[in-house]
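Trainee: First the structure, which I've put down as structure tokens, then a few questions once you've had a look.
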Amino acid sequence: MNRNELQEVVTPAQSILVSTRPGEQSAGAPGSSGLSIDIVVNRQRRQLDVDPRASLLDLVRDHLHLMGTKKGCDHGQCGACTVHLDGRRVVSCLMLALQADGREVTTIEGLAGPNGSLHVMQQAFIDHDALQCGYCTPGQIMSAVACVREGHANSVAGIREYMSGNLCRCGAYVGIVAAIQDAAPRMQGAEP
Amino acid sequence: MRSFAYARPLTVMAAVQALADASPHARIIAGGTTLYDLMKLNIEAPQALVDVSRLGELTTFDTSGTRELVFGAMARMSDIAADRTLQTDYPALAESLWLAASPQVRNMATVGGNLLQRTRCAYFRGGAPYPCNKRQPGSGCAAIGGLDRSHAILGTSTSCVAVYPGDWAVALAAFDAQLDTVSPRGERTIPIDELHREPGETPHLETILKPDELIVRIRVPVTVAGRASTYHKIRDRASYAFALASAAVALRVDGDTVREARIALGGVATRPWRARDAERALMGGALTEGSARAAGELAFTAARTGQYNRFKVELGARTIAEALMIAKGRAKTS
Amino acid sequence: MTGPGPFPDVARVDARDKVRGMTPYGADNHPPNLAHAMLVTAQIGKGRLVKVDTDAARAVAGVQLVLTHQDTEGLKADGYLFANGRSFQSVQPMIGTAIAYRGQPIALVVADSLEAAIEGAEQVSAEYVTAPFSVTLDSEGTEILAQADLPLPKPAFADKNVGDADAALAAAPVTVDAVYDSAPQHQNPIELIATVASWDGDELTVYESTQHVEGIRQGLAFELGISPDKVRVISPFCGGSFGQKNAMHAQTVLVALAARTLGRPVKLVVPRSQLFHNTSFRPPTRHRVRLGADRAGKIVAAVHEIDQQTSRHDLFPSMATDTSARLHGIPNFRSRERLRRTDVQTPGFMRAPWEHAAAFAFESAIDELAYALDRDPVELRLANELPYDVVTGKPFSSRHLSECLRRGAELFGWARRRMAPRSMRETDGTLVGWGVATGAYPSVISPSIAQLRVTDDGGIVLNVGVQEMGQGARNAVAAAVADVLKVRADQVTTLLGDTKGPPPHLTAGSWGTATAVPAARQAAIDMREALRKLQPEASNGATPAGILRHAKRPFLEVEARHQAPGAPDAVFDRMKQGLLAYVGPEFPEFVSFSFIAHFVEVHVEPATCRVRVPRVVTVADCGRVVSPRTAASQLRGGVVWGIGGALREASEVDPRYGGFLNADLAEYLVPVNADIGDIQVDFVDKPDPMLNNAGVKGLGEVANVGPAAAVANAVYHATGRRVRHLPIRIEDLL
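Protein chains in written order, with the numbering used here: chain A, 23 to 214; chain B, 354 to 687; chain C, 3 to 736.
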């Protein structure tokens with residue numbers, strides 16, 4: 023028997039967050055141009071008005087000013103904008119901000135401990151020089167943490183395959199693989 | 354991108370109602386990895402979106418049934434790819450999922466929405482000034498006589514040679530999957546083989562679905578051929594690339610004799626492509642390197658090639674042949 | 003001079019911020035009241051604008067401004083960087099109505115939100131008069147120019163003619179004559195080009211990731227007709243560049259203009275698809291290489307003829323044979339370089355701009371010669387080393403190519419290679435190929451000013467003219483200072499990429515280290531002497547801060563300058579104007595190059611012919627290695643580029659439309675993690691005794707000179723197929 027663990031509790035037949043036309047807002051969606059969403063970002067709950075067209079990436083950068091999440095292609099082709107949505111890695115450029123309503127987002131800024139201590143994976147990236155220009159690095163690290171949690175970091179081949187959604191133009195792949203190999207066993211004990 | 358109305362129903366019933374209420378120019382959005390991408394390119398410009406990604410009742414799946422496998426249309430590609438039973442009993446289905454896109458995209462994309470992934474033809478995605486009958490009916494096709502390396506050689510027309518880019522639908526085609534849909538007019542069941550259209554004179558019509566029709570479920574009949582199956586995907590990069598040629602193959606063998614062969618092709622055709630002539634040629638015979646190669650060639654006898662995609666005939670034949678031998682190896686070990 | 007070192011293995015000094023997402027790149031600046039911009043680009047291959055209709059765009063809610071060519075009165079084009087300008091091309095879009103190439107900007111829409119700016123840009127329409135155009139090397143209408151006849155400086159751009167190559171070739175018993183093609187490529191750093199411009203009264207501040215803040219400052223001031231004193235450009239980091247951000251692009255001045263017009267800061271992040279047409283790119287090339295050797299394996303002659311694309315409006319010259327003439331000691335060498343003018347934006351610099359393709363061609367030809375001679379390709383190269391430069395007759399400042407080859411062969415296990423193609427296989431039938439190629443890259447030095455300040459609270463602050471773009475410039479200059487002052491590299495604060503500091507020269511061409519490290523080192527030496535004067539009796543363990551406190555001095559500051567051997571002082575004046583002022587690789591007393599050897603193993607699947615690269619060994623001679631850890635990463639990165647260039651990357655051109663068709667990262671294929679296997683790198687690490695006081699040469703570019711050839715040679719060894727174009731794809735091997 024294999025049931026999807028992520029089944030949501032289904033509420034009775036109703037729709038939420040309806041707007042009929044842009045600008046004409048329905049109830050519960052205040053603001054002149056946007057719809058209201060309720061979102062937890064890096065453990066902080068936020069209520070935000072968003073343009074329905076906005077991506078989660080642009081929401082995080084332009085509205086929350088969390089600049090660690092990067093735009094490299096804006097079409098889900100490079101992975102620089104990788105964040106965790108309810109604990110799973112996604113490319114935030116290909117997701118409507120509206121679709122993150124009610125969900126929990128973790129960006130690179132939320133990965134370190136509350137006291138500023140680096141995540142095991144962040145330290146491993148430093149130790150193995152798994153970066154050069156640093157632009158793709160936040161996305162790589164968010165992906166790497168997810169890769170380990172998913173159980174895909176048990177072999178070099180697995181790491182390479184499951185890190186292939188994150189382009190590194192500087193070509194730090196050898197270091198990235200080494201960093202994940204190093205961090206994976208240590209993440210088991212270090213993570214809740 | 355123009356703004357749009359947005360509704361997010363939480364149940365299938367509410368979704369049907371929302372679709373009934375929505376404008377005729379509404380589009381259904383699930384994972385968004387195709388639709389939002391094309392909206393950003395200004396190729397799709399819906400006036401309204403009905404977001405079905407939170408239809409919790411459609412996110413479950415069950416691979417343990419004795420008659421069929423059932424996949425809720427809103428289940429994520431990554432969740433199904435990780436299913437152990439599927440990996441063992443239907444490796445072609447699992448492989449078609451984890452060899453697609455990237456881990457991040459597979460966490461977003463749904464198995465229902467993925468069936469409707471639109472072509473990667475650069476002339477289609479590029480917008481103006483390229484003519485494209487799919488994007489703008491009657492405007493012409495820039496790919497014909499253009500840079501057609503990645504384009505289709507099967508199922509093409511004089512209007513369109515765009516390749517169907519997906520993997521999962523190809524694997525499903527090999528297993529004769531069925532789709533359950535709902536719309537304000539009720540429910541229906543569609544064999545996967547009937548979902549996608551060949552472009553013909555109307556390449557803008559890619560499936561037989563109505564705009565307000567929602568795929569709710571994918572069902573795959575149980576078959577022992579599942580174990581002896583593979584999805585063999587050949588592409589330029591080792592990962593995170595679309596297929597130049599792919600073959601979903603499943604076999605049932607009795608000793609050396611082929612009792613059942615299922616072959617579906619991706620990366621070479623305008624829609625998921627079932628190679629029935631090749632299947633028939635293998636039936637009742639022994640599967641050898643030679644017969645596999647012959648079957649591969651047979652699948653492409655109707656191929657029409659352009660300037661840069663001629664190699665797909667040879668590559669496609671070899672991909673089928675190799676996939677058959679991989680599947681045969683799995684038949685022996687299972 | 004033998005210089006310092008060897009240097010310790012030090013972690014990347016800026017890594018802690020980078021792994022936390024705290025490093026500020028250009029687009030990460032978000033001043034209050036920011037407006038967002040989006041470009042509109044031309045959809046014709048060439049012609050003239052008749053009308054730009056902006057009414058619909060202006061009607062979009064949130065749109066505040068639409069700039070077109072009608073709003074740029076008074077704006078001046080700054081000029082092409084090879085013609086005493088600071089821009090990547092001479093055409094400044096939106097001045098006038100001419101459309102020189104598809105993708106040229108025709109309007110800039112500015113709005114309160116990014117979403118509104120995008121919608122506004124989609125609503126702009128234009129009418130054109132079209133003109134015929136040609137965009138490929140072989141298109142009708144392409145104008146072919148002999149480089150030697152062009153008004154380019156001589157002898158730098160003269161054809162080379164050493165000895166009598168044609169006669170020696172005619173007499174040679176063993177010859178190779180082959181033509182090699184390379185595809186156009188785009189640099190595609192993951193960071194998008196972006197400009198944030200804000201005005202405070204008449205003072206303009208620009209945040210933009212670039213290799214050359216001073217160039218943008220000077221160029222912008224010229225274009226806007228204001229004093230450079232009123233412009234500040236800030237770029238402490240760069241999210242990858244690889245040549246793309248080495249000059250000013252069209253959008254910078256337009257964003258500045260929009261910000262001035264609106265009276266609020268404006269940000270533009272240029273979409274990836276537009277970048278394919280709004281930055282330079284690596285032009286396609288065609289190489290005919292002829293080699294002649296005697297039966298003993300002495301290469302007696304080489305003729306290297308090149309055709310390279312340039313734009314209709316600028317001459318992007320070829321410098322490829324500067325390097326191919328120095329790869330091996332070939333006594334008779336002739337080159338001929340031609341440019342082909344086409345209707346594209348001006349092509350330009352991309353990591354090993356000419357040498358990537360030239361080495362692919364030349365080192366493939368050497369491999370073909372090795373097979374013609376039945377000589378091991380490593381042994382053949384070793385047998386054709388000369389201790390001096392045949393082009394000038396001068397000595398090399400250092401040349402350890404033989405050591406690169408020997409050490410690389412040892413690390414790779416080359417001795418186990420069987421010569422015959424298709425002779426090595428895995429048990430499952432996979433074809434195995436081992437290939438080798440060498441590379442070289444000119445050592446060039448630009449002027450540099452270093453300011454070093456130590457304070458009594460322990461601060462050591464270095465401000466030096468070099469740009470950090472991931473290559474590890476901060477590590478290198480910090481290490482140079484740390485070595486002299488006997489402190490740790492991470493104790494040195496490096497202030498880079500701000501025109502408030504001493505004017506920096508463009509950082510490019512692998513000259514960053516050889517430019518900035520000697521200046522930084524000299525500043526540190528001067529500081530050490532100044533501290534010694536403050537407290538001559540100080541013990542060896544005394545810290546700079548301790549000496550300052552002892553002397554009751556709050557701080558001490560020194561400035562040092564460095565320029566290339568034989569460079570006139572005028573280079574500093576040019577640098578201050580944001581102009582090119584580099585010198586090399588020919589210096590008064592010597593010629594200087596970095597050298598490299600690559601050893602590549604490929605696996606080719608027998609049926610579907612997919613090529614994999616499971617391992618590479620690369621050994622580089624870049625002089626003294628100042629920052630071993632970042633250098634190793636940079637070298638591995640160059641090898642990744644070589645693999646991408648050999649097997650993946652091509653910018654696709656449809657001659658019917660112009661521009662580039664595969665203008666995104668899904669269709670322009672750069673290597674992914676799964677494409678890359680083990681890459682073992684090593685350094686000769688011998689200080690260059692002539693080039694500068696630190697013994698350093700360049701590394702970033704030479705890393706990508708030769709790996710593509712080594713892959714191609716390995717593919718030949720595996721399959722028996724000699725593919726003479728890049729990239730090598732499945733269809734070439736089926």
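Backbone N, C-alpha and C define an ideal beta-carbon position, used for all residues, glycine too.
Under 9 Å between C-beta atoms, does C/Gln45 make it to chain B?
Mentor: Yes, C/Gln45 lies at the interface with chain B (some Cβ there is under 9 Å from its Cβ).
Trainee: In terms of alpha-carbon separation, which member of A/Lys93, A/Leu118, A/Arg65 and A/Thr104 lies closest to A/Val72?
Mentor: Cα-wise, what sits closest to A/Val72 is A/Leu118.
Trainee: Does any C-beta atom of chain B lie closer than 9 Å to the C-beta of A/Glu172?
Mentor: It does: the Cβ of A/Glu172 has a partner Cβ on chain B nearer than 9 Å.
Trainee: Can you say whether C/Ser89 is buried or exposed, counting buried as having 16 or more other CB atoms within 10 angstroms of its CB?
Mentor: C/Ser89 comes out buried.
Trainee: Please report how far the alpha carbon of A/Ala51 lies from the alpha carbon of C/Pro355, in whole angstroms.
Mentor: Note that A/Ala51 scores 36 on pLDDT, short of 50, meaning its location in the model is unreliable; the coordinates nonetheless yield the value given after this. Going by the C-alpha atoms only, they are around 54 Å apart.
Trainee: Confirm, please, whether the CB-CB distance from A/Cys115 to A/Asp84 is below 9 Å.
Mentor: Cβ distance not < 9 Å, so A/Asp84 and A/Cys115 don't count as in contact.
Trainee: Return yes when the C-beta of B/Ala522 is under 8 Å from any heavy atom of the ligand HEM, and no when it is not.
Mentor: The model on display carries no ligand, and the ligand HEM is accordingly not part of it.
Trainee: By the 10 Å Cβ neighbour count, where 16 or more other Cβ atoms means buried, how is C/Asp151 classified, buried or exposed?
Mentor: Exposed, since its Cβ has fewer than 16 Cβ neighbours within 10 Å.
Trainee: Quick check: the Cα distance between C/His289 and C/Asp324, rounded to an integer number of angstroms?
Mentor: Cα to Cα, the separation comes out at about 14 Å.
Trainee: If we count Cβ pairs, one from each stretch, closer than 8 Å, do we get three or more for the region 249-264 of chain C versus the region 133-142 of chain C?
Mentor: With a cut-off of 8 Å, the region 133-142 of chain C and the region 249-264 of chain C do not count as touching, because too few Cβ pairs lie within range.
Trainee: Closer than 7 Å by C-beta to B/Leu668: which residues in its own chain qualify, once you throw out the five before and the five after it? Chain order, please.
Mentor: These residues qualify, in order along the chain: Ile587, Leu597 and Ala598.
Trainee: Hey, how far is the Cα of C/Arg614 from the Cα of C/Ala705?
Mentor: The alpha-carbon atoms of C/Arg614 and C/Ala705 are separated by roughly 20 Å.
Trainee: Straight-line CA distance for B/Ala496 to B/Thr509?
Mentor: Taking the straight line joining both Cα atoms gives about 11 Å.
Trainee: Can you have a look at C/Ser541 and say buried or exposed, based on whether 16 or more other CB atoms are within 10 angstroms of its CB?
Mentor: It counts as exposed.
Trainee: Are the C-beta of C/Val494 and some C-beta of chain A separated by less than 9 Å?
Mentor: Not one chain A Cβ lies under 9 Å of C/Val494.
Trainee: Quick check on C/Pro630: does DSSP put it in helix, strand or coil?
Mentor: C/Pro630 falls in the helix class under three-state DSSP.
Trainee: Please state if the CB of C/Val642 and the CB of C/Val686 are separated by a distance shorter than 9 Å.
Mentor: Not closer than 9 Å, so no.
Trainee: In terms of DSSP beta bridges, what is C/Glu339 paired with?
Mentor: Note: C/Glu339 sits in a beta bridge opposite C/Ile308.
Trainee: Any C-beta of chain A sitting closer than 9 Å to the C-beta of C/Arg476?
Mentor: Closer than 9 Å: no.
Trainee: Which of helix, strand or coil does DSSP assign to B/Tyr389?
Mentor: Reduced to three states, the DSSP call for B/Tyr389 is helix.
Trainee: Using DSSP bridges, identify the partner residues of C/His727.
Mentor: Paired residue(s): C/Asp183.
Trainee: From the beta carbon of A/Thr128, is the nearest beta carbon of chain C less than 9 Å away?
Mentor: So, not an interface residue.
Trainee: Taking the beta carbon of C/Ser237 as the centre, do at least 16 other beta carbons fall within 10 Å, making it buried, or is it exposed?
Mentor: Answer is buried; the Cβ neighbour count reaches 16.
Trainee: Tell me where the alpha helix (DSSP H) around C/Glu588 begins and ends.
Mentor: Segment: none, C/Glu588 is in no alpha helix (DSSP H) and carries neither H nor E.
Trainee: Are C/Ser629 and C/Val21 touching if we call contact CB-CB under 9 Å?
Mentor: Result no, Cβ atoms of C/Ser629 and C/Val21 do not sit closer than 9 Å.
Trainee: Sort C/Thr197, C/Ala113 and C/Pro729 by Cα distance to C/Cys240 and report the nearest one.
Mentor: Here the closest residue by C-alpha is C/Thr197.
Trainee: Over the uninterrupted alpha helix (DSSP H) stretch that includes C/Asn715, give me the two end residues.
Mentor: From DSSP, the alpha helix (DSSP H) with C/Asn715 extends over Pro709 to Thr721.
Trainee: At least one CB of chain B closer than 9 Å to the CB of A/Ala194: is that the case?
Mentor: No, because no Cβ of chain B sits closer than 9 Å to the Cβ of A/Ala194.
Trainee: Establish whether the CB of C/Gly548 and some CB of chain A are separated by less than 9 Å.
Mentor: Chain A, which has no Cβ nearer than 9 Å to the Cβ of C/Gly548, makes this no.
Trainee: Between the Cα of C/Gln187 and those of C/Val672, C/Ser115 and C/Ala652, spot the shortest distance and give me the residue it belongs to.
Mentor: Looking at the Cα atoms, C/Ala652 is the closest of the given residues.
Trainee: Would you list the residues sitting across from B/Lys586 in a DSSP beta bridge?
Mentor: In the DSSP output, where bridge partners are listed per residue, B/Lys586 has B/Ser599.
Trainee: Take every Cβ of the region 517-524 of chain C, pair it with every Cβ of the region 467-481 of chain C, and state whether three or more of those distances are shorter than 8 Å.
Mentor: Short answer: they touch.
Trainee: Is C/Ile732 close to chain B, meaning its C-beta is less than 9 Å from at least one C-beta of that chain?
Mentor: Cβ-Cβ to chain B under 9 Å: yes for C/Ile732.
Trainee: Please tell me whether A/Leu120 has its Cβ less than 9 Å away from any Cβ of chain C.
Mentor: No, A/Leu120 does not count as interfacial toward chain C.
Trainee: Using CA atoms only, rank isn't needed, just tell me which of B/Thr387, B/Ala481, B/Met366 and B/Asp374 is closest to B/Ala358.
Mentor: Among B/Thr387, B/Ala481, B/Met366 and B/Asp374, the Cα nearest to that of B/Ala358 is on B/Asp374.
Trainee: What residue does the beta strand (DSSP E) around C/Phe557 start on, and which one ends it?
Mentor: Counting along the chain, the beta strand (DSSP E) containing C/Phe557 begins and ends at Phe557 to His564.
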